[in-house]
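First the structure, in the form of structure tokens, and then the observations on it.
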Amino acid sequence: MSAADRRRDSAIEIDIVTTIIWIVSFVLVTVAVTGLSGRVGWSAPVALVAVGGLVSFIPGVPQLTVEPDLVLYGILPPLLFAAAIRTPLKDILARRDSIFVLSVGLVAFTVAAVGFSLWWLLPTVGLAAAFAFGAVVAPTDAVAVTAIAGRLRLPRRVVTVLESESLLNDATALVALNASIAAIVTVLNPWDVVGEFGMALVGGIGVGLAVGFVISAIRKRLRAPVLDTSLSLAIPYIAFIPAQLLGGSGVLAVVVAGLFLGQRAPLVQSAEARIAESINWRTIRFLLENAVFLFIGLSLAGILAGVAGSDYGFWHIALLSVLVLAILVVSRFAFVFATTLFYMVGPRYTRSRAWSWPTATAVSSAGIRGVVTLAAVFLLPEETPERELLQFLAFAVVVGTLVEGLLLPRIIRSLKLPPPDATQERVEKHNLLAEAQSAGLARLEAETTPDDDPAAVARLRVNAEFLSQAMARAVPDESEPSFAAYGRLRRSMIEAEREAVLRARAEGRYQERAVRDVLRSIDSEETALAMQRRKPE
């Protein structure tokens, strides 16, 4: 090998190592800032954007440029899938009209309102580019809405509407964006927009359902949880990429596949596979959700460098940013309030499903944008007028709506919306568990044979009867129900058991395989207890 070849290979190796170092640093900063924010009561998304923005100006830090395909094909599918598999399909179907109005009607209204307003404020941008920008900022972000709304004690129906809206409105916005981009570079036929939207809808839903059916059939035949979990990591891309290639909506395909598989999980997956999948996707969701905000901040230096050559001065651009953000917020309030009024005075069906004004105010206030907006603005072609300025305005919208999200807790408290009915949820949980325990006891009696160990059968009866009695005694005003006391005391016992096993390992009295098998059994029971303690999502 020549000296030149060795130097080239060495340079490639250094670049790879440097990239890995930056990725590891990215993850560490994300975890550290998110953890610290939680401890001091700050908003993690806002803190991550702020830290990323400051770091982007440090000499030596690579200047990030948003690669839209990396975001749309690499980051968005797993984020959507992680949210979809934990979203109850029944709740979406129950509120389908509200979700459709927000994810389609509100997006279309926002595109028009922002598009015409920006064209009036900035005539040099052109109407087609202004509409393209309206499509960029129209969709709320599933990551941002979940991260901020998830901490608020909103009624379950409001959380479902907000999360489902942010899952589905990306498809409408991306269709509108593609149509606007086509209008920038060529003459657009309005019927093409209708056809493209129909194809996106049909193709996305069709591919999503097909993937759901195929994966369900495969999962029924998988016995090893590690295989099931490995397949799960590929599902978002299996749904997204074919849908995009076929002209459908990859966003819809991923959401439909996630909703379908989440509903079918108890029928086609083992308990161990479901627990493993839940833990894995919680980790992926945490890293991606929070890393996205840090990524947004790190792109600040590059966006400012792009807008530095603009013909507009600093104060002009600042005023434009404030006006665009105000138009975006006002248009959401106007549409939601107008729709609420229509529902209130409309036919009997709409009146029965109308929101109250406090609910409409809460939904209107949750118009948070995120990484989809930032990625979509970089899809604008090079010939787009004022392209760099539009990129900066999109960044300003993302940051502005995140800051607006800081006001949500105060807004929610002032509206005095009823929080989730914890008592009703607890009673329903106890009643359902009691039904399950009764069914288990009945099956035990039916399948017990004379050959079965009487001690084992007696232990099963005692455990089931204890759980049934504990749930029957669990009343809302009880400080610690028997079931909770059982969990607390059993966790304390598990801690002592683990300490004993580790002490025996340190003394070298048992082989390592025996130690690991016992620790795995203890960990399994502790995991089951932890899953019971988790709050419903």
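Heads up, the final residue of the sequence shown is numbered 567 in my numbering, and it's a clean run with no missing numbers.
Yeah, the Cβ is synthetic: ideal placement off N, Cα and C, and Gly gets one too.
- Less than 8 Å separates the beta-carbon of Val285 from that of Leu197.
- Leaving aside the five residues that flank Ala158 on each side, the residues in its chain whose CB is nearer than 7 Å to its CB run, in chain order, Ser210, Ala213, Ile214.
- Cβ atoms of Leu119 and Leu328 stay farther apart than 8 Å, at about 36 Å.
- The beta-carbon separation of Val144 and Leu358, rounded to 6 Å, stays under the 8 Å limit for a contact.
- Val237 sits away from Ala424, with the two beta carbons spaced by 8 Å or more.
- Contact annotation: Val427 and Leu350 have beta-carbon atoms that are not nearer than 8 Å.
- The segment 298-306 and the segment 245-258 touch, with no fewer than 3 CB-CB distances between them shorter than 8 Å.
- In the three-state DSSP reduction, Phe87 falls in the coil class, being neither helix nor strand.
- With a contact defined as Cβ atoms closer than 8 Å, Ala206 and Ala165 qualify at about 4 Å.
- The C-alpha of Ala390 lies about 6 Å from the C-alpha of Val366.
- If you check the CB distance, Leu291 and Gly234 do not come in under 8 Å.
- Between the alpha carbons of Ser133 and Asn199 lies a gap of roughly 4 Å.
- Residues of the same chain with a CB within less than 6 Å of the CB of Thr478, apart from the 5 flanking positions on each side, are Val487 in chain order.
- Of the other Cβ atoms in all chains shown, fewer than 16 fall within 10 Å of the Cβ of Val375; this residue is therefore exposed.
- In this structure, DSSP gives Phe139 a helical state, which the three-state scheme calls helix.
- Ranked by how close their Cα comes to the Cα of Asn320, the residues Arg521, Ile51, Gly65, Thr117 have Gly65 in first place.
- Straight across, the Cα-Cα distance linking Val352 with Ser128 is about 29 Å.
- For Ser444, the number of other beta carbons within 10 angstroms of its own is below 16, and it is reported as exposed.
- Taken through DSSP and simplified to helix, strand or coil, Ser300 comes out as coil.
- Taking C-beta atoms under 8 Å as the contact rule, Ile326 and Val407 fail to qualify, at a distance of about 12 Å.
- Listed in chain order, the non-local C-beta contacts of Leu330 below 6 Å within the same chain comprise Gly83, Ser86, local neighbours out to five positions each way being set aside.
- Going by DSSP, Trp345 is part of the alpha helix (DSSP H) stretching over 344-375.
- Taking a 10 Å sphere around the C-beta of Val101, we find 16 or more other C-beta atoms and assign the residue as buried.
- The straight-line gap separating the alpha-carbon atoms of Thr117 and Pro169 is approximately 19 Å.
- A distance of 8 Å or more separates the beta carbons of Thr369 and Gly397.
- Only residues of its own chain outside the window of five on either side were considered, and among them Pro185 have a CB closer than 7 Å to the CB of Pro448, listed in chain order.
- Apart from the 5 residues on each side of it in sequence, Pro92 sits with its Cβ closer than 8 Å to the Cβ of Trp52 in its chain, given in chain order.
- Segment contact: the segment 431-441 against the segment 66-76, three or more CB-CB distances shorter than 8 Å; contact assigned.
- In the DSSP assignment, Ala392 falls within the alpha helix (DSSP H) that extends over 387-395.
- Going by DSSP, Val433 is part of the alpha helix (DSSP H) stretching over 417-435.
- In this structure Glu537 is exposed. Its beta-carbon is surrounded by fewer than 16 other beta-carbon atoms within 10 angstroms.
- A Cβ-Cβ distance of about 7 Å is found for the pair Val191 and Val393, placing them in contact under the 8 Å criterion.
- Considering only Arg533, Asp482, Arg520, Glu413, the residue with the shortest C-alpha distance to Ser554 is Arg520.
- Here Trp385 is buried. Its C-beta has 16 or more other C-beta atoms within 10 Å.
- The Cβ atoms of Gln421 and Ile333 lie closer than 8 Å to each other.
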